[in-house]
Amino acid sequence: MSLNVDSMPSKTNKTPGVSLKGSAKVLNELIETSKNLPTTSSELGSIQLSVNEIRKRTHDLRQKKDINADHTKAHYLLAGSGLAIEDVDLSLKNLQSKQLLEQPVSKKQVEGELDTYLETKKDENILSSIENLLSVAARDFDNFVNQNLSLDWDQRKEEVRENFGILIQGKNHTDPIKNIAPLNPQLPTWGNQGSSILNSGETRLNVNENYAVREKFEKYAKIIYRFNNTRQAKQDFPLLKELSQALANVGDLKNRQLLESSKILDGLKLNSNVVQNAKTYLQNQFLEYVDHLYKKNLSEGLPTNINKIKSFIDSKLKNPNNTWKFNNLTFINGTPIWALIFYLLRAGLLQEALEVAINNKASFKKVEQSFLTYLKAYVSSKDHTLPIEFSAKLHTEYSQHIKSSLDGDPFRLAVYKIIGRCDLTRKNISFITLSVEDWLWIHFMLIKDDIADSDPVYEKYSLRDFQSIIVSYGHERFTNYYSQVLILSGLYELAVEHAYSISEIDAVHLAIVMANQGLLEVDNDRSDGSGVNFITVKDNKRKINFAKILGNYTKSFKYSDPRIAAEYLILIALISTPEQIELCHEALRELVLETKEFTILLGKINRDGTRIPGVLEERQPLLHLKDEKEFLRKITEHAALKADEDGRVYDCLLLYQLSEEYNIVITIVNSLLSDLLSNTDLDQPLVTMDENNETNPVLIAKKIVFIYIENLEISQKVQTKNKETCIILLKLADARRSYQAKQWETTLVQIEELDLLPFSDEVSARRKAQDFTSLNENIVKNIPNLLVMVMHCISQLIIGLNQSDYQSVTKAQQVEALKNVSRNCMMYAGMIQYKMPRETYSALIRLDIDCKV
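My numbering puts the last residue of the sequence shown at 859; the count rises by one with no breaks.
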C-alpha cells in the first residue's frame with residue numbers, strides 16, 4: 007500500500023493548527039485502511055524483504071527523488087502529531103553521516119549487489135515453492151482424513167465387535183493368515199485387546215542398577231529355580247526358609263520388617279484360621295522372649311515356665327530400687343498373683359495358669375471365689391470359651407465388682423476381660439503398659455470367630471472389625487511393625503502393598519511365599535494397573551493381582567535374562583485356578599513375543615526335523631498342561647497367531663514351525679516367496695550378500711523344502727499341492743537367476759520345464775489360458791513376469807542370431823522356432839490380458855515387435 011502525498015489537499019497559507027481537522031480525517035482513513043493490511047494470520051503470508059532487496063528499493067527511490075529535496079506536503083500529515091519536520095531533517099543527516107543510510111555506490115558495486123540479489127531471490131523462490139508444496143500436501147492430507155474418517159471408525163467398530171465375540175452378519179471368521187482356515191475355532195482369544203500382563207504398571211526397580219541389587223536378584227533367582235525344580239519333581243522345598251535366609255544375609259536394617267514378616271509366615275499353620283494362627287505366634291514369641299530374659303538373669307529354683315514368668319515380672323514390673331511400679335497389685339507370698347496369671351495366659355500356658363489359681367484358691371477374695379470355676383471351664387473347652395451360664399455370671403461379677411473397683415488390681419481386670427470377653431466397647435486395658443504385640447494379642451483373645459445373630463451387639467467383635475481398626479490406624483500408628491501387624495491380622499494383600507514401600511524385590515518374593523501358602527485372594531482382571539497398586543476391592547474382599555506383580559517384576563530383566571523371567575512367570579500358576587493358569591499362559595506368550603528368544607523359551611527344529619525343547623516345554627508339568635500337543639497349542643500356536651496379528655511375519659513363521667503346524671509354515675513361505683518374485687524388478691537379485699536363511703524367502707523356502715521332503719513324518723503333515731507350489735516357485739527363482747546373468751537359452755529351458763506357458767502350439771496356448779484360473783494364486787502373481795522374461799529372452803536370442811555372420815538353414819529354423827514360441831505366448835497373454843497389469847501387456851507388445859524384426 008502506497009501513500010500519494012501529492013493527492014492530499016494543500017493549504018500552505020494556513021498554520022498547522024488550522025489544518026488539524028483535515029489531518030485528523032486523513033489519519034482516520036489511514037487507520038481504517040491499515041486494517042486491510044495482511045497479518046501473520048492472513049493467508050497472504052507476511053511481508054519479508056532481504057537486506058539486499060531493501061537496499062535496492064531505497065536506491066530506486068533516490069533515483070526518483072533526492073532525499074535532500076523538498077519534503078513536499080508530508081509535513082502537513084505529520085503536523086497533528088506534534089513532530090517537528092526540522093527534527094526529522096536533523097535525524098536523517100545524522101543517519102547519513104554515520105553511514106546507516108545508503109551512500110552512493112559505484113556501478114561495479116551495484117552490479118555485484120545485483121548478482122547477489124538475483125541469487126538470493128532465486129533461493130527465496132525455491133524455498134517459497136517448497137513451502138507451497140508442503141502446504142498443498144498438508145491440505146490434501148487433511149481432505150483425505152476428512153473423507154475417510156468415517157470409514158476408519160466403521161472398521162474400528164467392526165474390529166472391537168469381533169474382539170468381544172459379537173458375530174457380524176455376513177462376515178466369516180477366519181484365521182489371521184490369509185486363505186488359511188482356523189486351526190481350532192475353540193482357541194481362546196489373546197486376552198483382552200489392549201491389555202498386557204508384562205507391561206501393566208510402573209516400576210522403579212532395575213535389577214541391573216548396581217552390583218548389590220544384581221547380587222540380590224541372582225540369589226533370589228537361584229532359589230526360585232530350585233523351587234520350580236522340586237515342584238516339578240513333586241518334592242517339598244523350604245521356600246520361606248530359603249528366602250528368609252537370603253533376606254537376612256543382606257543385613258539391611260530397613261528390611262527387618264520383612265524378615266520378621268517372613269518369620270510370622272513360617273509360623274502359620276496352613277488351613278488354620280487367622281485368629282488362632284496369630285494367637286499361637288504371639289504366645290510363642292512372648293515365651294521365647296521370656297526364656298531369653300531368664301537365661302540372662304538366672305534366678306534360684308528350677309527353670310519351669312512359672313518361674314520364668316516370675317522372673318519376667320520381676321524384671322518388668324519392678325523399679326531399679328526394687329520397688330513395684332504398681333501400688334494396687336495383689337500379692338500372695340510376695341508374688342503378684344493376678345500379674346502371674348495374666349502373663350501365663352499371655353504365653354499360652356493355660357494349664358500353668360490354672361495350676362497357679364488352684365494353688366492359691368484360699369487366698370482369693372470373696373468376690374473372686376468363683377473365678378477358679380470360670381478358669382477351669384475356659385481351659386478345658388475346645389475353643390477356650392465359656393459356657394453361656396458361666397459367661398453370664400462372669401459378666402455380672404465383672405460389671406458389679408471388678409470393673410468398678412477403684413483400687414482393684416489392673417491385671418485382675420485384664421484376666422476377667424480376656425476370659426469372659428467383657429466390656430468389648432472398651433477393648434484396651436487401663437494402667438497396663440502394653441507393647442504392640444501385647445495389644446494385638448489382647449484383641450485376638452477378644453475376637454469371636456462364630457458370632458451368632460442372637461449374640462448381643464456389645465459382644466460382637468469379629469476379625470473384620472479388628473482389620474478395620476488396623477487399616478484406619480495405618481502405618482503411622484505402628485511404624486516399623488506395620489508389616490507384621492498386617493500379616494498377623496490376615497491382611498496379606500495390604501502387607502504385600504506395604505512391602506513395596508520398603509523393597510520392591512523383597513515384596514515380590516513375599517507375595518510368592520503367600521501365594522505358595524494359599525494366603526492371597528487373587529484378582530484375575532487383565533485391565534491395566536498403575537504404579538505398584540495391584541489391589542482392588544471386589545465382593546467386599548481385597549484382592550491382589552498376583553499375575554501382574556510377577557509380570558511387572560520381570561520388566562527390568564526379561565530381555566537380559568528371559569530364562570529367569572520365564573521361571574517367575576510360571577509361578578503365576580501357583581494359584582491353580584483356571585483363570586490364573588490362563589493368565590500364566592498369556593504372560594508366557596507375551597514374553598515369547600516381546601523378547602523373541604524363541605530358541606531359549608520354545609526350542610528349535612534341527613536340520614533333520616528333530617525338535618529340541620526350550621525352557622517352557624521343560625516346565626510343562628508346572629503349566630498344568632496334559633501333554634506336549636497341548637503345550638504347543640496353548641503357548642506356541644497362540645503366540646504365532648498374535649505375531650501374525652501384529653504383522654510380524656518371520657516371528658509368526660518360526661512360531662508355527664515350533665508348534666509343528668508345518669502346512670501353515672509352507673503356506674506362509676509360498677506367499678513370501680511369491681511376493682518377492684512378483685515385486686522385485688527383473689534386473690534385481692533375489693538374494694543379496696547380507697541376507698541369511700532367516701530373512702530371505704528364497705533361502706527360507708530351500709531350507710523348508712529340504713526338511714519337509716527328507717523327514718517323512720513332517721512331509722505327511724504337509725499338503726502335496728503346497729509342496730509342489732513351493733518347488734515351482736524355487737525353480738522360478740532359479741530361472742530369475744539365469745535371466746539376471748543374461749543366460750537367455752538357459753532361462754527359456756528352465757521356464758519351459760515349469761510347464762506354465764505355451765511353448766509348443768496354439769492349442770497349448772488355449773489350454774493354458776483355460777487352466778490359468780485354477781493355478782495357485784502364488785503362481786498366478788508371477789505369470790506376468792514369466793511372460794516378460796520369455797519374450798525378452800526370445801528378443802535377445804533373435805537379435806543375436808540375426809547379427810551373426812553365418813547363414814544356414816539351422817539358423818533360420820532357430821529363429822522361426824523362437825518366433826513360434828513368441829506367438830504362442832502372445833496369444834496366451836491376449837487371452838488373460840485383463841488379469842494382468844496393463845503395463846505388462848504393453849511391454850509384451852513392444853517385445854513382440856522386437857521379436858518380429
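Glycine included, every Cβ here is placed at the ideal spot set by N, Cα and C. Quick caveat: nothing in here was measured; it's all calculated off a predicted structure.
**Message:** Spatial neighbours of residue 578 within its chain, please: C-beta separation below 7 Å, excluding the five flanking residues on both sides.
**Reply:** Sequence index remark: in the sequence shown, residue 578 carries index 572 (1-based). Non-local C-beta neighbours of residue 578 in its own chain, meaning closer than 7 Å and more than five positions away in sequence, comprise 552, 553, 556, 586, 589, 590, 593, ordered along the chain.
**Message:** Rounding to the nearest angstrom, what Cα-Cα distance links residue 250 and residue 519 in this structure?
**Reply:** Working through the sequence shown from its first residue, we reach residue 250 at position 244. Working through the sequence shown from its first residue, we reach residue 519 at position 513. Note on geometry: alpha-carbon atoms of residue 250 and residue 519 lie some 10 Å from one another.
**Item:** Presumed contact (8 Å Cβ cut-off) between residue 741 and residue 757, rounded CB distance
**Value:** Working through the sequence shown from its first residue, we reach residue 741 at position 735. Working through the sequence shown from its first residue, we reach residue 757 at position 751. So it is a contact: roughly 5 Å between Cβ atoms.
**Message:** Determine whether the beta carbon atoms of residue 373 and residue 407 lie at a separation below 8 Å.
**Reply:** The residue you call residue 373 lines up with position 367 of the sequence shown. The residue you call residue 407 lines up with position 401 of the sequence shown. One thing to note: residue 373 has its Cβ within 8 Å of the Cβ of residue 407.
**Request:** Alpha carbon to alpha carbon, how far is residue 682 from residue 550? Give it in angstroms, no decimals.
**Result:** Here the question's residue 550 lines up with position 544 in the sequence shown. Here the question's residue 682 lines up with position 676 in the sequence shown. Pairing residue 550 with residue 682, the inter-Cα distance amounts to about 50 Å.
**Item:** Start-end ranges of the alpha helix (DSSP H) lying completely within the segment 707 to 757, minimum 4 residues
**Value:** Here the runs fully enclosed are 718 to 721, 726 to 746.
**Message:** Just to confirm the assignment, what range does the alpha helix (DSSP H) spanning residue 829 have?
**Reply:** As a working note, residue 829 is residue 823 in the sequence shown. For residue 829, the enclosing alpha helix (DSSP H) has its first and last residue at 815 to 837.
**Request:** Figure out for me which residue from 434, 788, 430 has the closest Cα to the Cα of residue 467.
**Result:** In the sequence shown, residue 467 corresponds to position 461, counting from 1. Of 434, 788, 430, the smallest CA-CA separation from residue 467 is found for 430.
**C-alpha distance - residue 569 paired with residue 677, whole-angstrom precision** = As a first step, residue 569 is located in the sequence shown; it is residue number 563 there, counting from the start. As a first step, residue 677 is located in the sequence shown; it is residue number 671 there, counting from the start. Rounded to whole angstroms, the gap between the alpha carbons of residue 569 and residue 677 is 33 Å.
**Request:** Report buried or exposed for residue 48, applying the criterion of at least 16 other Cβ atoms within 10 angstroms of its Cβ.
**Result:** Taking the sequence shown and counting its residues from 1, one reaches residue 48 at position 42. Confidence is the limiting factor: at residue 48 the pLDDT is only 41, short of 50, which leaves the residue's position unreliable, though a coordinate-based value still follows. By the C-beta density criterion, residue 48 is exposed, having fewer than 16 other C-beta atoms within 10 angstroms.
**Item:** For residue 543, the residue or residues it bridges with in DSSP
**Value:** Within the sequence shown, numbered from 1, the residue matching residue 543 stands at position 537. Its beta-bridge partners are 548.
**Asked** What are the residues that DSSP puts in a beta bridge with residue 338?
**Response** On the sequence shown, residue 338 is found 332 positions in, with the first residue counted as 1. According to DSSP, residue 338 bridges with 341.
**Item:** Rounded straight-line distance, which links the Cα of residue 419 to that of residue 403
**Value:** Sequence index remark: in the sequence shown, residue 403 carries index 397 (1-based). Sequence index remark: in the sequence shown, residue 419 carries index 413 (1-based). Residue 403 and residue 419 have their C-alpha atoms spaced approximately 11 Å apart.
**Message:** Please identify the residue among 484, 659, 632 whose C-alpha is closest to the C-alpha of residue 709.
**Reply:** Working through the sequence shown from its first residue, we reach residue 709 at position 703. Checked all of 484, 659, 632; the closest Cα to residue 709 is 659.
**Message:** For the beta strand (DSSP E) containing residue 610, name the first residue and the last one.
**Reply:** Working through the sequence shown from its first residue, we reach residue 610 at position 604. From DSSP, the beta strand (DSSP E) with residue 610 extends over 609 to 611.
**Request:** Inspect the beta-carbon positions of residue 760 and residue 738 and report whether they are closer than 8 Å.
**Result:** Counting from one through the sequence shown, the residue named residue 760 turns up at place 754. Counting from one through the sequence shown, the residue named residue 738 turns up at place 732. One thing to note: residue 760 has its Cβ within 8 Å of the Cβ of residue 738.
**Request:** On a CA-only basis, which of 240, 204, 253 is nearest residue 225? Give me that one, please.
**Result:** Start at 1 with the first residue of the sequence shown, and residue 225 comes out as number 219. Checked all of 240, 204, 253; the closest Cα to residue 225 is 253.
**Message:** Could you compute how far the alpha carbon of residue 517 sits from the alpha carbon of residue 239?
**Reply:** As a working mapping, residue 517 is identified with position 511 in the sequence shown. As a working mapping, residue 239 is identified with position 233 in the sequence shown. Within the model, the alpha-carbon separation for residue 517 versus residue 239 is close to 23 Å.
**Item:** Which listed residue (511, 513, 509, 497) has its alpha carbon closest to that of residue 527
**Value:** Within the sequence shown, residue 527 is the residue found at index 521, counting from 1. Selection 511, 513, 509, 497 evaluated against residue 527 yields 497 as nearest (Cα-Cα).
**Request:** Take every Cβ of the segment 701 to 719, pair it with every Cβ of the segment 644 to 651, and state whether three or more of those distances are shorter than 8 Å.
**Result:** The segment 701 to 719 makes no contact with the segment 644 to 651, as fewer than three CB pairs between them are under 8 Å.
**Item:** Helix, strand or coil at residue 794 according to DSSP, with G and I counted as helix
**Value:** The sequence position of residue 794 within the sequence shown is 788, counting from 1. Residue state, collapsed to three classes: helix.
**Item:** residue 181, DSSP secondary structure in three states
**Value:** Here residue 181 refers to the residue found at position 175 when the sequence shown is read from its first residue. Unreliable positioning characterises residue 181 in this predicted model, as indicated by a pLDDT of 33, which lies under 50. The coordinate reading is nonetheless provided below. Residue 181: coil per DSSP, three-state reduction.
**Message:** Please identify the residue among 608, 625, 611 whose C-alpha is closest to the C-alpha of residue 574.
**Reply:** For the purposes of this step, residue 574 is identified with residue 568 of the sequence shown, where counting begins at 1. Ranking 608, 625, 611 by Cα distance to residue 574 puts 625 first.
**Prompt:** So, using beta-carbon positions, are residue 416 and residue 387 closer together than 8 Å?
**Reply:** Position 410 of the sequence shown holds residue 416. Position 381 of the sequence shown holds residue 387. Not closer than 8 Å, so no.
**Message:** In whole angstroms, give me the CA-to-CA distance for residue 378 and residue 231.
**Reply:** Taking the first residue of the sequence shown as 1, we reach residue 378 at position 372. Taking the first residue of the sequence shown as 1, we reach residue 231 at position 225. Cα to Cα, residue 378 sits roughly 56 Å from residue 231.
**Request:** For residue 768, decide whether its Cβ has a neighbour in chain D, counting only Cβ atoms nearer than 8 Å.
**Result:** Among the chains of the structure shown, chain D does not appear; only one protein chain is present.
**Item:** Within 8 Å, strictly: CB atoms of residue 427 and residue 465
**Value:** Within the sequence shown, the letter at position 421 stands for residue 427. Within the sequence shown, the letter at position 459 stands for residue 465. Taking 8 Å as the Cβ cut-off, residue 427 and residue 465 qualify as a contacting pair.
**Asked** Which partner residues of residue 619 appear in the DSSP bridge assignment?
**Response** Taking the first residue of the sequence shown as position 1, residue 619 is located at position 613. BP columns for residue 619 point to 609.
**Asked** Looking only at DSSP bridge pairs, what is residue 3 linked to?
**Response** Given a span of 7 to 859 for the chain in the structure shown, any question on residue 3 remains unanswerable.
**Prompt:** Among residues of its own chain, excluding the 5 on either side of residue 513, which ones have a beta-carbon nearer than 7 Å to its beta-carbon?
**Reply:** Counted from its first residue, the sequence shown places residue 513 at position 507. Cβ within range, chain order: 502, 505, 506.
**Request:** Return the CA-CA distance between residue 852 and residue 696, expressed in angstroms with no decimal places.
**Result:** Position 846 of the sequence shown, counting from 1, holds the residue named residue 852. Position 690 of the sequence shown, counting from 1, holds the residue named residue 696. If you take the alpha carbons of residue 852 and residue 696, they lie about 36 Å apart.
**Request:** Could you check the C-alpha separation between residue 286 and residue 354 for me, to the nearest Å?
**Result:** Position 280 of the sequence shown holds residue 286. Position 348 of the sequence shown holds residue 354. Spanning the two alpha carbons is a distance of roughly 7 Å.
**Item:** Collapsed DSSP secondary structure at residue 528 in the structure displayed
**Value:** Within the sequence shown, residue 528 is the residue found at index 522, counting from 1. Strand, per DSSP.
**Request:** Inspect the beta-carbon positions of residue 841 and residue 778 and report whether they are closer than 8 Å.
**Result:** Taking the sequence shown and counting its residues from 1, one reaches residue 841 at position 835. Taking the sequence shown and counting its residues from 1, one reaches residue 778 at position 772. The answer is yes: Cβ separation under 8 Å.
**Asked** Mind checking residue 448: buried by the 16 CB within 10 Å criterion, or exposed?
**Response** Within the sequence shown, residue 448 is the residue found at index 442, counting from 1. Classification for residue 448: buried.
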